[in-house]
Structures are given as C-alpha cells and as structure tokens.
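Undergrad: The structure follows.
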Amino acid sequence: RVGMFPPDKKLYPTYDDWLEASMRHEPVEFFREMLTKNLPIERLLDSNWTMANARLCDFYGLPEPEKGGFRRVALRPEDNRGGLLTMGAVLGLTSDGTRHRPVHRGVWISETIFNKTPPPPPANVDPIEPVPPTGNKITIRQRIEAHAKNANCAACHRTIDPLGLAFDQYDAIGQWRTHEHVPTGVGENPLVKASGIMPDGRKFANSVQFKQLLLEDRDQIARAFIEHLCTYALRRVLTVDDREDVQSIVEQAKKGQYRVKGIIRAVASSELLQKR
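Residue numbers 1412 to 1687, in the working numbering, belong to the letters of the sequence shown in order.
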C-alpha cells in the first residue's frame, strides 16, 4: 500500500502526509472518472489527463486547479505523466523509501498489467552489490545489468527488468529526474537511461514509447484486467476450467471497445458468476 515504505526525509524533504494522502487518492479518483465517463480500459495505461488536487499539481509541476479538491487536469507531453504507471502512488509503492527498485516495478507491472506472476528468485543468488566508496558512481540499472549476467538470473531478468527500467526516470517517490542520485562513489551523479527491449524484441527509448507498446497489446491488457476482476468477484483464483467463460467475457467486452462499464457488465452477467 502507499506509505508502506516511508521515504527518507533527508533524501526527499518535500514528501509529507498531505502528498502521501493525495497520492493514495489519485488512482481512485482516476478510475472513478473512467467509470463515470465510461472510458476504454487502455486509458489506465496512458492518458492526456489525470485527477489531481493542489498538492499533486505542485508535486507534478502542473497548473493548480481553479477549485479545491480533486479535479481533472490536462497533461502536456513535457509533464511526463499519464495513466496509472506514472502516478506517484504506483512509483512510490514499488520503491523502498530510499531508492527506486526497477525489478520490483517490473514484477508489479507483470502481475498487475499482464496478470503474470514471475517465478521467485533462486535461493542462492547473491544480492546486488552496492557502489564502493572509491568506485565510480553508477546507476541502479548498471548494477542490475551486471547482476543479471549470472546464468541463474538472466532468463527472468530479461523478462522483468525492461518493464521496470522503462520508468527509471522516476525516483523513489515518483518525482521526474534526469540524473540518478548516487550517495556513494566518485564523480557526478550519472544520467538516467530508460530505454530497453521488450521480451518479444520490440524496443523503446523511454516510458512514453513503452506505454505505446503496451497499447499495441490492448487485447492482452484487457484480458488481464478482466481476469483480475473475475478473481475479485469470485473471491478465488481462476482455474483452467474457467478459460472458456473468461474468453466469452473478453469477446463480449471487445464488442464494446473494452469500455469500463461494458467490462463490468460482461463480468457481472457472465456464466462464470452465474455458476458461482
């Protein structure tokens, strides 16, 4: 949950209780707007607007809403926001309070967006080495890439890491940055690199291009959302026996362009729930 790992006040002095509460409400208000306007599910991945209050607007560098409380705020490309994945709540949730965690972000995206749970890491894998005081400053990405050369780690890291590294330009509290603060080592803080290669070979240069690739996988993303919704409604995990019913829901939802109300209606009226 948001606030599980309280940010280090020395590293992130602007983080306060109001910001944390605002971050917690943003995805809720965002989905409420999607439901009210019956928007297509891909808006969760990318959008040219968000729901923000004065505190979030200040944090994101957006124009403050004319009225108090949460309001729909237009986003520009230079704001580097849009959709669930660039919200402070998600980016902070996948950090540890002192630094961002690309691998954890990748796992979160795999589980939440694709509904695919990666296997646990091998028990005998060494932790990622810290930057020695006398060594050159390097990014967490560079340390992970060195760690992933281990034969026991390579296969999973190839699948998980690109998903999280796409958002390396956001720090532990979700603040946009161009350089990574490295507390130990010699030299200047290194430039952040957010490029990568998807498991299927498609390349991206930053989070914007990454989100566009996700939008190309619209059917897969919609299916994952429907599977999550079915799991929640049934209060149990889905099994092989549920595949046919889930496929029927997906086909019905697709006819309605995967709009939120249509998806919910398709799940609620499905054979899967009627047999519950």
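C-beta: ideal position from N, C-alpha, C; glycine also.
1. Any heavy atom of the ligand ADP inside 7 Å of the beta-carbon of R1634?
2. Give me, in chain order, the residues of the same chain whose beta-carbon lies closer than 8 Å to that of M1498; leave out the 5 immediate sequence neighbours on both sides.
3. Could you spell out the range, first to last residue, of the beta strand (DSSP E) harbouring A1432?
4. Tell me which residue opens and which closes the alpha helix (DSSP H) that W1460 is part of.
5. According to DSSP, which residues form a beta bridge with N1547?
6. Below 8 Å on the Cβ atoms is my contact criterion, and I expect P1451 with Q1668 to pass it. Report the Cβ-Cβ distance as a whole number of Å.
7. Which same chain residues, not among the five before or five after V1671, have their C-beta less than 7 Å away from its C-beta?
8. Take G1598 and list the residues in its own chain whose beta-carbon comes closer than 6 Å to its own, dropping the five residues that flank it on each side.
9. I'd like to check one pair, R1516 with F1470: are the Cβ atoms closer than 8 Å?
10. Have a look at D1628, C1564, T1550 and flag the residue whose alpha-carbon is nearest the alpha-carbon of H1592.
11. Does the distance from the C-beta atom of A1583 to that of P1418 stay below 8 Å?
12. Touch check for the stretch 1595-1612 and the stretch 1510-1529: three-plus C-beta pairs under 8 Å?
13. Would L1624 and R1613 be called neighbours here (beta carbons separated by less than 8 Å)?
14. Cutting at 7 Å between CB atoms, please list the residues of its own chain near P1531, excluding the five before and the five after it.
15. Could you say which of P1601, F1416, T1425, R1482 lies nearest to G1503 if we only look at CA atoms?
16. For the structure I just gave you, are there three or more beta carbon pairs, one from the stretch 1673-1687 and one from the stretch 1646-1664, closer than 8 Å?
17. Leaving out five residues before and five after A1463 in sequence, what residues of the same chain have Cβ atoms less than 8 Å from its Cβ?
18. Select from D1490, M1609, P1529, I1555 the residue whose C-alpha is nearest the C-alpha of P1541.
19. Closest by CA to F1636, which one among P1610, L1422, R1552, R1454?
20. I'd like the span of the beta strand (DSSP E) that includes V1484, first residue to last.
21. Should K1622 go down as buried or exposed, given a rule of 16 or more other Cβ atoms within 10 Å for buried?
22. So T1642 and V1648 are in contact, right, with Cβ under 8 Å, and what is the actual spacing, rounded?
23. For G1607, which residues does DSSP report across the bridge?
TA: Reading from the atomic positions:
1. Of the ligands one can find in the structure shown there are none, so the ligand ADP has no counterpart to examine.
2. M1434, E1437, P1438, F1441, T1461, R1492, G1585
3. No beta strand (DSSP E) holds A1432; the alpha helix (DSSP H) holding it covers 1428-1448.
4. It is not in any alpha helix (DSSP H) - W1460 instead sits in the beta strand (DSSP E) that spans 1460-1463.
5. V1597
6. 5 Å
7. M1445, L1446, N1449, L1450, I1452
8. N1547, K1548
9. no
10. T1550
11. yes
12. no
13. yes
14. none
15. F1416
16. yes
17. S1433, E1437, Y1471, L1473, P1476, F1481, R1482, V1484
18. I1555
19. R1454
20. 1482-1485
21. buried
22. 6 Å
23. F1615
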